[in-house]
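These notes concern the structure reproduced below.
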């Protein structure tokens, strides 16, 4: 039989009243306050502290940048948080603000951190001057040209839909005549991906049958003429302006192209290292130490005291343009880099052309020296991949009109080239320099 245990008496626990309320009531009230506090902290406070909406900006032009109160947000294709209040929105393309608008964003507060309040701003009207419109058109065409530098776009490499952008923007700009722009853009199709993109929006014509050049009678080479520029005299020969078929039809780059020239004079030989030394002497900002390019004039020791006819090389197109400008100022004549058509006319008119396998140019070439071999010669013509199938001269003019960046055509091969003919075409970037690329000058009398 179990023994009974006597427990000590326990004092009854009585919770105190608060504000004359029984414990059950004020504990319930306390729980309600905690819940309300949590709702406020989680549901309202974030919205109070950071009110606004996630805004998408629809833009009439492709690749538009958005400025919010003067600060860059990013591309119009993305969504951005915009604080509540009044804001000024600017739409930018090609460094041109083409539209501005004012917006007011309200201040939603409930569950702002959990539920994104969104808003879509419709596209504004485009308001541009002719100059600003031309800047945007130039930007579009330069993008097309840049994409054309790749001959293929494998699936793993992203392709920028330049023709889709062009189509969209031309419609938004509402130009009176956009056909020249379209013609120039389509002449840069250089791969199947570009062609597929273009065919969605524009009629892409198939290549026409090649023009047969046949035997051409060009005017004979004119008399020898000298260009006097202070202490510098440059020999040249005159050529009568002509219309003829340029190219050999073997490759797209050297295809047949009807071209025209006006009367011009072409230097007997490429610009020499001695002539470049005189240029540097009067323009020290073009000296080797002053140009921030380690390849510029690399391997050359130039001196205005040592006369040599060896061609200059390792100079860029921009440097060559500076040289002809300097020579024009000294001579009072319009001096220039010849176009591809001028160079070709002179080459077709040669009585004899020796291929030079060194920088010592053969005197057996008549009348111009160094047209083949020696150094490639820069021209002042744009490289346009399909330029010979759609009006060569017209496309060259359009490229200048619309401010297209120049991919420079070079002609004639160098002393290390193989299988280069008069019709062969090379291309370089305007700011690049090369061991075997120089230039010769032309001028108008």
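Residue numbers (this note's numbering): 1460 to 1904.
We put the beta carbon where it would ideally sit given N, CA and C, even for glycine.
All values reported here derive from a predicted model rather than from experimental measurement.
Check the C-beta distance from residue i over to residue j and give it rounded, since I have them as a contact under 8 angstroms.
{"i": "residue 1836", "j": "residue 1729", "result": "6 angstroms"}
{"i": "residue 1731", "j": "residue 1684", "result": "Not a contact, Cβ separation roughly 18 angstroms."}
{"i": "residue 1866", "j": "residue 1893", "result": "Not quite, the Cβ-Cβ distance comes to about 14 angstroms (not below 8 angstroms), so this is no contact."}
{"i": "residue 1564", "j": "residue 1544", "result": "6 angstroms"}
{"i": "residue 1792", "j": "residue 1616", "result": "Rounded, the Cβ-Cβ distance is 48 angstroms, inconsistent with contact."}
{"i": "residue 1713", "j": "residue 1883", "result": "6 angstroms"}
{"i": "residue 1811", "j": "residue 1824", "result": "6 angstroms"}
{"i": "residue 1898", "j": "residue 1779", "result": "5 angstroms"}
Just to confirm, is the Cβ distance from residue i to residue j under 8 angstroms?
{"i": "residue 1455", "j": "residue 1875", "result": "Given a span of 1460 to 1904 for the chain in the structure shown, any question on residue 1455 remains unanswerable."}
{"i": "residue 1600", "j": "residue 1645", "result": "no"}
{"i": "residue 1635", "j": "residue 1578", "result": "no"}
{"i": "residue 1820", "j": "residue 1831", "result": "no"}
{"i": "residue 1580", "j": "residue 1493", "result": "no"}
{"i": "residue 1549", "j": "residue 1584", "result": "no"}
{"i": "residue 1724", "j": "residue 1696", "result": "yes"}
{"i": "residue 1808", "j": "residue 1698", "result": "yes"}
{"i": "residue 1739", "j": "residue 1759", "result": "no"}
{"i": "residue 1639", "j": "residue 1504", "result": "no"}
{"i": "residue 1765", "j": "residue 1733", "result": "yes"}
{"i": "residue 1864", "j": "residue 1555", "result": "no"}
{"i": "residue 1786", "j": "residue 1900", "result": "yes"}
{"i": "residue 1527", "j": "residue 1546", "result": "yes"}
In terms of DSSP beta bridges, what is residue i paired with?
{"i": "residue 1525", "result": "1533, 1550"}
{"i": "residue 1717", "result": "1704"}
{"i": "residue 1559", "result": "1549"}
{"i": "residue 1512", "result": "1541"}
{"i": "residue 1795", "result": "1901"}
{"i": "residue 1811", "result": "1825"}
Taking the alpha helix (DSSP H) that residue i belongs to, which residues open and close that run?
{"i": "residue 1903", "result": "No alpha helix (DSSP H) contains residue 1903, which is instead part of the beta strand (DSSP E) from 1901–1903."}
{"i": "residue 1622", "result": "1621–1632"}
{"i": "residue 1686", "result": "That residue, residue 1686, is in no alpha helix (DSSP H); its beta strand (DSSP E) goes 1683–1688."}
{"i": "residue 1723", "result": "No alpha helix (DSSP H) contains residue 1723, which is instead part of the beta strand (DSSP E) from 1723–1726."}
{"i": "residue 1603", "result": "1589–1607"}
{"i": "residue 1407", "result": "Coverage of the chain is limited to positions 1460 through 1904, which leaves residue 1407 absent and any answer about it impossible."}
{"i": "residue 1851", "result": "1851–1860"}
{"i": "residue 1655", "result": "1651–1658"}
{"i": "residue 1739", "result": "1732–1741"}
Locate the beta strand (DSSP E) running through residue i, then write down its first and last residues.
{"i": "residue 1879", "result": "Element bounds for residue 1879: n/a, residue is neither H nor E."}
{"i": "residue 1870", "result": "1867–1870"}
{"i": "residue 1835", "result": "1835–1841"}
{"i": "residue 1542", "result": "1538–1542"}
{"i": "residue 1578", "result": "1577–1580"}
{"i": "residue 1696", "result": "1691–1698"}
{"i": "residue 1709", "result": "No beta strand (DSSP E) contains residue 1709, which DSSP labels as neither H nor E."}
Between the stretch 1621–1630 and the stretch 1655–1665, can you find at least three pairs of beta-carbon atoms closer than 8 angstroms?
With a cut-off of 8 angstroms, the stretch 1621–1630 and the stretch 1655–1665 count as touching, because enough Cβ pairs lie within range.
Taking contact to mean at least 3 C-beta pairs separated by less than 8 angstroms, is the stretch 1695–1710 in contact with the stretch 1797–1813?
They touch, by the three-pair rule.
Any 3 or more C-beta pairs closer than 8 angstroms across the stretch 1737–1755 and the stretch 1843–1853
Too few Cβ pairs lie closer than 8 angstroms, so no.
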